[in-house]
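Colleague:
Protein chains: 2
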Amino acid sequence: MSLHHPPTDELELTAVLHALSDPQRLRIVQLLAEQDTAVPCGSLPLGISKSTATHHFRVLREAGLIEQSPTGTTKLTTLRRADLDARFPGLLEIVLASPLLLAASASGS
Amino acid sequence: MSLHHPPTDELELTAVLHALSDPQRLRIVQLLAEQDTAVPCGSLPLGISKSTATHHFRVLREAGLIEQSPTGTTKLTTLRRADLDARFPGLLEIVLASPLLLAASASGS
DNA sequence: GGGCTAATACGACGATTATCGAACAATATG
DNA sequence: CATATTGTTCGATAATCGTCGTATTAGCCC
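For the record, the sequence lines run as chains A and B. Count the first sequence with our numbering and you get residues 6 to 114, in order. Count the second sequence with our numbering and you get residues 6 to 114, in order.
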């Protein structure tokens, strides 16, 4: 069981931008950014079905935004901050710092 | 005949990211970034049908990335650099500075 | 083995999207 | 007016997309 993570030098800008353009996925990235360590997928309060969450995590992983490592029955997930910064310097930070309507509606970000 | 341009404080990050995530639209933005002044839509060497171009320009305009002003039979188009930088500081610059596969395939960018 | 939990695969659905060519609209010129 | 140019609208198409529930898989523990 190996999860595919694209190598840093193969990260495509359009894939990254597309992954970040969905409100749910942007929210996932935002929540992950608040964590100090890798966290299980299911621990994030997304409010969507598990299968939809799986779909979104997959898009994020294949675009190179997250790294998932199987740990027991769960998947510890974390942002590939260093890789993203190496490939697209500053992009993630700017996205995370940008005004987000959903953050406000999600309350207490 | 009035074209709708969203006000700066209503620009949505997901709309901007989505607009930039399409290879053609990213190319349009890149080409526009190289111009010193507003240029007619048709002057950009896109290699797609005019109706498809119209569609893309519309997406970019509605997301707030470009401004179009009717001039005679043409539409002078320019990037809303200042507005984008005011709303999402640094985002456009980073996107323009990022490695683009299409730029290489388009040759001589 | 059984039981439990976390996550995925699968099929389905409605909506959206990028693309095109043909017809059309808007503008300018003689 | 007719003609030319630029850009848009329209209808169509195939593909993609986000979402869901159900069945299944993977891993762990007793």
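Beta carbons: idealized from backbone N, C-alpha and C, even for Gly.
#1: Taking 8 Å as the cut-off, decide whether the C-beta atoms of Thr82/A and Cys46/A are in contact.
#2: Taking Cβ-Cβ distances below 8 Å as the criterion, which residues of the segment 80-95 of chain A are in contact with chain B?
#3: Name the chain A residues whose beta carbon is nearer than 8 Å to that of Pro28/B?
#4: Compare the Cα-Cα distances from Gln40/A to each of Pro104/A, Thr19/A, Arg85/A and report the closest residue.
#5: Taking the straight line between their C-alpha atoms, what separation do you get for Ser103/B and Leu18/A?
#6: Name the DSSP bridge partner or partners of Lys80/B?
#7: Mind reading off the beta-carbon distance from Pro11/B to Glu67/B? Whole number of angstroms is fine, and I expect it under 8 Å.
#8: Give, in chain order, every residue of the segment 22-52 of chain B whose Cβ lies closer than 8 Å to some Cβ of chain A.
#9: In chain B, which residues lie less than 7 Å from Leu105/A when you measure between Cβ atoms?
#10: Let me check one thing: in DSSP terms, what residues is Pro94/B bridge-paired to?
#11: For a minimum of 4 consecutive residues, which ranges assigned as the alpha helix (DSSP H) are wholly contained in the segment 39-76 of chain B?
#12: Does DSSP classify Asp14/B as helix, strand or coil?
#13: Is the segment 50-67 of chain A touching the segment 24-34 of chain A in the sense that three or more CB pairs, one from each, lie closer than 8 Å?
#14: Let me know the secondary structure DSSP gives Ala20/A once reduced to three states.
#15: Check this for me: beta carbons of Leu22/B and Ser26/A, under 8 Å apart or not?
Modeller: Put simply:
#1: yes
#2: Listed in sequence order: Arg92, Phe93, Pro94, Gly95.
#3: Thr19
#4: Arg85/A
#5: 7 Å
#6: In the DSSP output, where bridge partners are listed per residue, Lys80/B has Pro75/B.
#7: 7 Å
#8: Going along the segment 22-52 of chain B in chain order, one finds Leu22, His23, Leu25, Ser26, Asp27, Pro28, Leu31 with a Cβ nearer than 8 Å to chain A.
#9: Leu18
#10: Bridge partners of Pro94/B: none, in fact.
#11: 55-68
#12: helix
#13: yes
#14: helix
#15: yes
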